[in-house]
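To keep things clear, I will list the structure first and then write my remarks on it.
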Amino acid sequence: MTRLERRAESDDESIHSILRILERMDRRFALVEADLATLKADVATLKTDMDTVKTDMDTVKVDMDTVKADIATLTTVTDVLALKVASIETTTADTNKRVRVRGFEE
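Structure follows, in structure tokens:
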């Protein structure tokens, strides 16, 4: 084999080695691209989920404001009822005193 043939054969082996490396790199890049596409889809889903959570949080805030208003109303009603009960108790006590006083008068 001549020196030129040996050189050509060596160059062919080098080229084949480089081609194999490039093919492996292409496969790796394809995997990375697929992973990136999956990641992009996952991020989009996460964004949608976060938007849903934000909407739910806004709804909860409105509900809590409604609950606070309802509690304030119930507190007012309870205070009014307490005054009415106190008035009834006072009226009952006054009536009982009058009945006792009349009982002594008889």
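In numbering that gives the first Met the number 0, the protein residues as written are 0 to 105. Note that beta-carbon positions come from the ideal geometry of N, C-alpha and C, so glycine has one too. Because the structure is a prediction, the values reported are computed rather than measured.
Query: Residue 94, DSSP secondary structure in three states; Result: helix
Query: C-alpha distance - residue 87 paired with residue 67, whole-angstrom precision; Result: 30 Å
Query: Three-state class that DSSP yields for residue 56 in the structure shown; Result: helix
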